[in-house]
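As structure tokens, the structure follows; a few thoughts come after it.
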Amino acid sequence: MATMNLYAELLSELGTIGNDESLLRKVLSAVKALKKEKEAHHTEPPCCYTAEEIEQRATAAIQRYAHGEYATNDEMLQRV
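Add 83 to a position in the sequence shown, counting from 1, and you land on the number used in the numbering used here.
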């Protein structure tokens, strides 16, 4: 519901400046800049592994664990 209210308020404000071409150009420019900024902040997720890569990593981790290559909770906490 808040989005509808914001949209109505935006249209109302645009209606008040509808006859001023220079203001409309500034508003349009600002909206385009905001849209461009939002698109620039869109990033890919930090982990983009395929299912096969995840399986390989998990298998390797299990093998390391089986060979005693692991750290306890206390050891991990000391590293931080």
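The beta carbon of each residue, even a glycine, is placed where N, CA and C say it ideally should be.
Go to residue i, then tell me how far its alpha helix (DSSP H) extends in each direction, as first and last residue.
i	result
residue 103	Residue 103 -> no alpha helix (DSSP H), and no H or E assigned at all.
residue 90	85–99
Taking just the CA atoms, how far does residue j sit from residue i?
i	j	result
residue 102	residue 133	54 angstroms
residue 116	residue 124	12 angstroms
residue 151	residue 139	19 angstroms
residue 113	residue 163	44 angstroms
Is DSSP giving residue i helix, strand or coil here?
i	result
residue 155	coil
residue 142	helix
residue 148	helix
residue 114	helix
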